[in-house]
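A.B. asks: These protein sequences, in sequence, are chains A and B. Yeah, the first sequence ends on 113 if you go by the numbering used here, and it's all consecutive. Yeah, the second sequence ends on 110 if you go by the numbering used here, and it's all consecutive. Backbone N, C-alpha and C define an ideal beta-carbon position, used for all residues, glycine too.
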Amino acid sequence: EAQVTQNPRYLITVTGKKLTVTCSQNMNHEYMSWYRQDPGLGLRQIYYSMNVEVTDKGDVPEGYKVSRKEKRNFPLILESPSPNQTSLYFCASSLAPVDSPLHFGNGTRLTVT
Amino acid sequence: GDSVTQMEGPVTLSEEAFLTINCTYTATGYPSLFWYVQYPGEGLQLLLKATKADDKGSNKGFEATYRKETTSFHLEKGSVQVSDSAVYFCALTRNTPLVFGKGTRLSVIA
Numbered sequence: 001e002a003q004v005t006q007n008p009r010y011l012i013t014v015t016g017k018k019l020t021v022t023c024s025q026n027m028n029h030e031y032m033s034w035y036r037q038d039p040g041l042g043l044r045q046i047y048y049s050m051n052v053e054v055t056d057k058g059d060v061p062e063g064y065k066v067s068r069k070e071k072r073n074f075p076l077i078l079e080s081p082s083p084n085q086t087s088l089y090f091c092a093s094s095l096a097p098v099d100s101p102l103h104f105g106n107g108t109r110l111t112v113t
Numbered sequence: 001g002d003s004v005t006q007m008e009g010p011v012t013l014s015e016e017a018f019l020t021i022n023c024t025y026t027a028t029g030y031p032s033l034f035w036y037v038q039y040p041g042e043g044l045q046l047l048l049k050a051t052k053a054d055d056k057g058s059n060k061g062f063e064a065t066y067r068k069e070t071t072s073f074h075l076e077k078g079s080v081q082v083s084d085s086a087v088y089f090c091a092l093t094r095n096t097p098l099v100f101g102k103g104t105r106l107s108v109i110a
């Protein structure tokens, strides 16, 4: 089954403790992206990747890192999480960066205390 | 830059009511337009799309027509069901990654 898999689904952590949210897709998509969803703000793009070893900042990249060492994986790293990063995070992928529908994972709800 | 504006929710309807969720966009040229749906506890799923003016996208009883003259892509359904309760996002792309509206929450009550 074609899918985007994120883990974990729920994560509670404390300020400053490094964490990684994994994302994997099995559709051989070139384009992958991370979003955060907050009430009243909709979806905001954090980082995206056009292909292996090619990543770029989205609208709200501060406090986040990503890597794209393999085509299928695109982990999101929070080196020193803060409470304002409490949010619902989505990974997504598509065949091409433009004019192509996105396939989304089921989300990771992160709480930073 | 390109942008999408959706009507604010929440929208609450009775089962079998007619649904319209308004979406207008700002973009130069001819973007591709999409509606995504997010059911509770899930990620967004593509609902329908249209890639050129006057195209009508349709899926699961939902329809939206790409209106270049009014820069709109309103979502409609003739008879909603409780299972349509979700958040709906309008989005566009024009040589850029997808730009999303803020979403409209729909609640359908029996």
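#1: Name, please, each residue of chain A whose Cβ falls closer than 7 Å to the Cβ of ASN95 of chain B.
#2: Who are the neighbours of ASN26 of chain A on chain B, taking C-beta pairs under 9 Å?
#3: Measuring straight from C-alpha to C-alpha, what distance separates SER72 of chain B and GLY61 of chain B?
#4: Would LEU11 of chain A count as contacting chain B if we go by Cβ distances under 8 Å?
#5: Less than 8 Å between the C-beta atoms of GLY101 of chain B and ALA110 of chain B, yes or no?
#6: Hey, HIS74 of chain B and ALA86 of chain B: beta-carbon distance below 8 Å or not?
#7: Under the assumption that TYR25 of chain B contacts VAL4 of chain B (Cβ atoms under 8 Å), give the Cβ distance between them as a whole number of angstroms.
#8: Hey, VAL52 of chain A and LYS71 of chain A are a contact pair by Cβ (cut 8 Å); roughly how many whole angstroms apart?
#9: For THR20 of chain B, which residues from the same chain have a beta carbon less than 8 Å from its beta carbon, with the 5 sequence-adjacent residues on both sides left out?
#10: What does DSSP give as the partner residue(s) for MET32 of chain A in the beta ladder?
#11: List, from N- to C-terminal side, the alpha helix (DSSP H) runs of 4 residues or more that fit wholly inside the segment 20-108 of chain B.
#12: Compare the beta carbon distance of VAL21 of chain A and GLN3 of chain A with 8 Å and say whether it is the shorter of the two.
#13: Of all Cβ atoms in chain B, is any one closer than 8 Å to the Cβ of PHE90 of chain A?
#14: Look up ASN73 of chain A in the DSSP assignment and say whether it is helix, strand or coil.
#15: Pick out whichever of B:SER83, B:VAL99 and B:ASP2 has its Cα sitting closest to the Cα of GLY29 of chain B.
#16: Could you name the residues that DSSP lists as bridge partners for GLN3 of chain A?
#17: Got a sec: is the Cβ-Cβ distance from ASN106 of chain A to anything in chain B below 8 Å?
#18: Mind checking which residues open and close the beta strand (DSSP E) that includes THR111 of chain A?
#19: With a threshold of 8 Å between beta carbons, is PRO145 of chain A in contact with chain B?
#20: Buried or exposed: LYS49 of chain B, going by 16 or more other Cβ atoms within 10 Å of its Cβ?
#21: What residues in its chain sit with their C-beta under 8 Å from that of ARG68 of chain A, if we drop five residues either side in the sequence?
C.D. replies: In short:
#1: Contact annotation for ASN95 of chain B against chain A: VAL98 [CB-CB distance below 7 Å, chain order].
#2: Simply none; closest approach about 15 Å.
#3: Rounded to whole angstroms, SER72 of chain B to GLY61 of chain B spans 19 Å at the Cα level.
#4: No, because no Cβ of chain B sits closer than 8 Å to the Cβ of LEU11 of chain A.
#5: Going by C-beta atoms, GLY101 of chain B is not nearer than 8 Å to ALA110 of chain B.
#6: No. Outside cutoff.
#7: Yes, they are in contact, since the Cβ atoms of TYR25 of chain B and VAL4 of chain B sit about 5 Å apart, within 8 Å.
#8: Between VAL52 of chain A and LYS71 of chain A a beta carbon distance of about 5 Å is seen, short of the 8 Å cut, so the two are scored as contacting.
#9: Closer than 8 Å at Cβ, skipping near neighbours: HIS74, LEU75 and GLU76.
#10: Bridge partners of MET32 of chain A: A:SER49 and A:SER93.
#11: The segment 20-108 of chain B contains no whole alpha helix (DSSP H) run of 4 or more residues.
#12: No, the Cβ-Cβ distance between VAL21 of chain A and GLN3 of chain A is not below 8 Å.
#13: So, interface residue.
#14: Three-state result, ASN73 of chain A: strand.
#15: Closest by C-alpha distance to GLY29 of chain B, out of B:SER83, B:VAL99 and B:ASP2, is B:ASP2.
#16: Partner(s): none; GLN3 of chain A has no beta bridge.
#17: Yes, its Cβ sits closer than 8 Å to a Cβ of chain B.
#18: For THR111 of chain A, the uninterrupted beta strand (DSSP E) segment begins and ends at 108-112.
#19: Residue 145 of chain A is absent from the structure shown; chain A starts at 1 and stops at 113.
#20: Burial call: buried.
#21: Closer than 8 Å at Cβ, skipping near neighbours: MET32, SER49, ASN51, VAL52, GLU53, VAL54, THR55 and PHE74.
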